[in-house]
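Student: Heads up: the sequence shown is residues 1 to 158, going by UniProt numbering. All residues carry an ideal CB built from backbone N, CA and C; glycine is no exception. Please read all numbers here as calculations on a predicted model, not as lab measurements.
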Amino acid sequence: MFLAHFVGDIHQPLHCGHATDLGGNTIKVNWYTNATASNLHKVWDVNVIETAMEDFYNNDTATMIEAIKMNISHAWSCEEKQWEACHSRKTTCADRYANESAALACNAYKGVVNGYTLGDEYFFSALPVVQKRLAQGGVRLAAILNRIFSGYRRLQSS
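1. ALA75 and ILE10: beta carbons closer than 7 Å?
2. According to the Cβ coordinates, are VAL48 and ALA108 closer than 7 Å?
3. Can you tell me whether ASN114 is buried or exposed, with buried defined as 16 or more other CB within 10 angstroms of its CB?
4. Let me check understanding here. Comparing Cα to Cα, which of SER101, CYS106, GLY137 and VAL130 lies closest to GLU80?
5. Hey, out of CYS106, THR36, PHE6 and GLY24, whose CA is closest to GLY119's CA?
6. DSSP state of TRP83, grouped into three classes?
7. With GLN131 and ASN71 assumed to form a contact (beta carbons below 8 Å), what rounded beta-carbon distance in angstroms separates them?
8. Go ahead and label THR117 buried or exposed: buried means 16 or more other beta carbons lie within 10 angstroms of its beta carbon, across all protein chains shown.
9. So, with DSSP's three-state summary, where would you put ALA135?
10. Does the Cβ-Cβ distance between residue 168 and TRP83 come in under 7 Å?
11. Would you check if the distance between the CB atom of TRP31 and the CB atom of SER38 is smaller than 7 Å?
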């Protein structure tokens, strides 16, 4: 469970955001309405996904997962093998995943200031990033687990 959590976290751009604002945790924003107080980190951890679930997937996780899987097998199919590739058999390439997230975090901060209300424009720019990072994290976690357990099977059959 910890491995899945850590792989997921490193794919969320603000987990590799600015240390000075604790990855967006100290940047207070409103999500769509002034009544919904949040912070920039939570927007990326929770709000974007919840809004997409409500607006596009009828609050059905299975439907959202199917949409992401469809993108993996179609829109991102030429990238998938690169996502899972890690040339080390002993490490997870976490530094590469973190560098990708840090680069994406730069855009997550653009135009955002304390007290700002984030709405459609921000949501529609963040959603494709969130969906792709979920896909990348899932593909990479599967590859890591396959590497771990393929070695385990070899040890058992010896």
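Tutor: Quick answer:
1. no
2. no
3. exposed
4. GLY137
5. THR36
6. helix
7. 7 Å
8. exposed
9. helix
10. Any property of residue 168 remains undetermined from this structure, which presents the chain solely from 1 to 158.
11. yes
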